[in-house]
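Have a look at the structure below, then the notes.
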Amino acid sequence: MKLSERRSVCDVWAVAQKGLLPRLPIGSAEQLKQRVFDLINPVAKRHPNALLNALSIVWMSRAPRKTPEQLLKPDSDILSFVYSEEQLTIANLLLELKVLPFQHAIFAIAECLKDLYKSSGGKTTTVTAAPNDRTTACEIAMLELLHGCVRLVPSKDLHDCWSALNFLFSEAPPSGLSPRGVFLEFKILDDFVRICGSQTIIDDKQTSRHIQDACQRLTDAVNYIVGWQLETTSWLKRTIVVRQDTGTTKSGETTPMMETKSLATSINPEASASIRGSTMSLATRDTRFSSHYDVSGNSASQLVLNANLSSNSDKKSSSNLRASLKDTNNNKRDPAYSTQALFLLAECLSELIDSITKSEDKEKLLPTLQAVWANTLPYLKVKNARNARFFLASSQFLASLSSFAYMRSVWKKSALDLLFDPSFFKMDIQSLKQWLVVIDNLMTNEKACFKELMAKIPTTPNTGITKLKH
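Counting along the sequence shown from 1, when you hit position 317 you're at 317 in full-length UniProt numbering, and nothing is skipped either side.
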């Protein structure tokens, strides 16, 4: 079936689902639905993998269109999981197929991902594929389709699908996925827990244990991407620091935080001097945190469908955020992926861990949190233009951890050291707001911390006031 024919079937379903009357007298909405089922059911029953591949290709062509304002935004480090109405119609069609229950569809998606993994060469490291790679595009589209379905399924029915989702997380491991694929699997797990409810999961001991295992594996995979921009100072020391890009950066490969001239020339000398040295003085005007616009170059619908483009056009269409950092396999590791991973963990991880463990088991996943914190802390110690977005994402992650008392052992000592650092206030206003949350949670709930803070504040008497008294 050609792409145009697949689109036509989905268009007919969209009309029938809305209950609209077609312009031509070809039948009522119910009759149109039945015609679609008559066409798709035999394929779904005998060749579910082929059907899912076909639907994923149509899914890519139904992406939400960007507004001109969104296209002009330079940021590419806030993940978006917002799908268009046309895409959700495709998800609804998949869920309505009686011959292919949703659980069976999940098993089929896992098999499709395994086939894609084998076709790509079966590499065992996290893929950093080119944006126009057809295999990566299909992989992401299929996971987005699954994610859209998860959001539409009622909580009770979704809970019954856990065995299939667990199979997916096991058979389509993060080590064989692109960064966007890893983020989608993590978000699918997070939405599953949120929709089903914490109490429902905790009451089922076996499911709870499996979800904890899946959470640990997926968190480790996302954390691995966070660590792409880190390195050890020497083979003898275990100290982890933010990697410095010593090579020359081309104009098309700079990050938004490195393009600082526009702001520096737009403020007067006095204002420039007053905020010199802070990350705010080095940030461009559109780098403020926002979580509601789409991510350029990361969703499957935005990947180029034609995989036969020449290598020259591939280089020209590379992301503006692509830096010249390379891993041991000489694959480029885009810094945008690391900030995306940090923002995702900041948004979801602490509440996810809290939702899947009982009160007496809360500390079981603290080692996982500790590993993430170990990769987050180096970003909080660097305050320069290039690190500004990492600093904001790390501050947001710390603010999310500070809401839970039992997680304090992970970050408290290191955070206090950062708080007492002389350069503490060298940050932008968005990061400072996150630190206000951290300090408020810390000082309000622990009197010892407040006493420690007061003890470290200098109390040398003011000589000027003493002279005035005399």
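The beta carbon of each residue, even a glycine, is placed where N, CA and C say it ideally should be. Predicted, not measured: the structure shown is a model, and the values here were computed from it.
- Do D354 and F404 have their CB atoms nearer than 7 Å? yes
- Exposure label - P422; buried when at least 16 CB within 10 Å: exposed
- Item | Unbroken alpha helix (DSSP H) run spanning V150, endpoints | 134-152
- Query: Is it buried or exposed for A388, if we count other Cβ within 10 angstroms and need 16 for buried?
  - Reply: buried
- Query: Is DSSP giving V242 helix, strand or coil here?
  - Reply: strand
- Item | Alpha-carbon to alpha-carbon, R333 and T246 | Interpretation of T246 is limited by its pLDDT of 45, a score under 50 that renders its predicted location unreliable; the figure taken from the coordinates is listed afterwards. Computed Cα separation, rounded: 15 Å.
- Message: For W235, count the other beta carbons within 10 Å of its own beta carbon; 16 or more makes it buried, fewer makes it exposed. Which is it?
- Response: exposed
- Message: Just to confirm my understanding: we take F169, look at its own chain, exclude 5 residues before and 5 after, and list those with CB closer than 8 Å. What are they?
- Response: E185, L189, A214, R217, L218
- Endpoints, the beta strand (DSSP E) within which T232 is located: 230-232
- Please work out which residues of its chain come closer than 6 Å, Cβ to Cβ, to H450, disregarding the five sequence neighbours upstream and downstream, and give them in chain order. Per the sequence shown, residue 450 should be read as Phe rather than His. Once the five neighbours on either side are set aside, the close Cβ partners of F450 are M443.
- Query: By DSSP, does R62 sit in helix, in strand, or in coil?
  - Reply: coil
- Would you kindly work out how many angstroms separate the C-alpha atoms of E30 and I40, rounded to a whole number? 15 Å
- Would you say S119 reaches chain B, if we count a Cβ-Cβ gap shorter than 7 Å as a contact? Any reference to chain B falls outside this structure, which holds one protein chain only.
- Message: Using 8 Å as the cut-off, can you tell me whether the stretch 164-184 makes contact with the stretch 132-147, which would need three or more C-beta pairs spanning the two stretches below that distance?
- Response: yes
- Counted within 10 angstroms of its Cβ, other Cβ atoms place D417 as buried (16 or more) or exposed: exposed
- Message: Would A371 and V222 qualify as a contact pair, given that the criterion is a beta-carbon distance under 7 Å?
- Response: no
- Sufficient close CB pairs (3 or more, under 8 Å) joining the stretch 395-402 to the stretch 423-437: yes
- Task: Would you check if the distance between the CB atom of A346 and the CB atom of A385 is smaller than 7 Å?
- Result: no
- Out of curiosity, what's the CA-to-CA distance linking S317 and R134? Summary for S317: the model assigns pLDDT 35, below 50, so the residue's position carries little reliability; its value from the coordinates is reported in the next sentence. Whole-angstrom Cα-Cα distance: 15 Å.
- Item | Of the residues L152, L158, Y117, the one placed nearest I140, counting alpha carbons only | Y117
- Item | Where T89 falls, given that 16 or more other Cβ within 10 Å makes a residue buried | buried
- For A164 versus I106, is the C-beta spacing smaller than 7 Å? yes
- Message: Can you tell me whether H47 is helix, strand or coil according to DSSP?
- Response: coil
- Candidates L398, L349, M454: closest to A415 by CA position: L398
- Query: For L349, which three-state DSSP category applies?
  - Reply: helix
- Item | Span separating the alpha-carbon of A374 from that of V153 | 37 Å
- Is the CB-CB distance between F81 and C161 below 7 Å? no
- Query: From L177, V99, R194, pick the residue whose C-alpha is nearest to that of P48; which is it?
  - Reply: V99
- Message: On a Cα-Cα basis, can you pick out the residue from V150, R65, R238, N441 that is closest to W411?
- Response: N441
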